[in-house]
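Trainee:
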Amino acid sequence: MPQNKQGFSIKVLTINTHKGFAPFNRRFILPELRDAVRATEADVVFLQEVMGTHAIHSLNHEEWPDSPHYEFLADTIWNDFAYGRNAVYPEGHHGNAVLSRFPIADYENREYLGGGQ
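Heads up: the sequence shown begins at 34 in the numbering used here, then just goes up one per residue.
1. Please report the Cβ distance between Gly53 and Leu46, rounded to the nearest whole angstrom; I am assuming they are in contact, meaning their Cβ atoms lie under 8 Å.
2. Could you check what DSSP says for Gly128 in three-state terms: helix, strand or coil?
3. Please report the distance separating the alpha-carbon of Tyr140 from that of Ser91.
4. Whole beta strand (DSSP E) runs in the stretch 38-119 with 3 or more residues, listed along the chain?
5. Give the straight-line distance between the Cα atoms of Leu106 and Leu80, rounded to the nearest whole angstrom.
6. What are the partner residues of Tyr140, as DSSP defines its beta bridges?
7. What does the alpha-carbon distance come out to for the pair Arg134 and Gly40?
8. Is it buried or exposed, Leu148, if we count other Cβ atoms within 10 angstroms and call 16 or more buried?
9. Look at the alpha carbon of Asn112 and the alpha carbon of Asp68, and state the distance between them as a whole number of angstroms.
10. Rank Ser42, Glu82 and Val78 by C-alpha distance to the C-alpha of Pro56 and give the top, closest one.
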């Protein structure tokens, strides 16, 4: 009995945003990074080291967005996103995020404390 198989494909991208800076923090490149990520036409984008907020950088860099970096990168392309803050410091925080063309029904950010837990 022949089976009717229909294919489904999904395009995935993973990228370390380095908090929006080029290597060695020489230049703020988040707007360029957004263009590059858009060009991939990925359905789901996994981001590491994505900035939630930073009070000092926002004053020192003219192109620093008013929104968190994951929202800036998502723009109108990826309507659903989830952010997990995992590094907090006096100036702000950064973490990991997922941008998706598909609905994200629910998410939870869990802290890993180490020690085999």
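All residues carry an ideal CB built from backbone N, CA and C; glycine is no exception.
Mentor: In short:
1. Not really, about 17 Å apart at Cβ, beyond 8 Å.
2. strand
3. 28 Å
4. 45-49 and 77-87
5. 10 Å
6. According to DSSP, Tyr140 bridges with nothing at all.
7. 18 Å
8. The residue asked about is misnamed: residue 148 is Gly in this sequence, not Leu. Gly148 is exposed by the Cβ-count criterion.
9. 16 Å
10. Glu82
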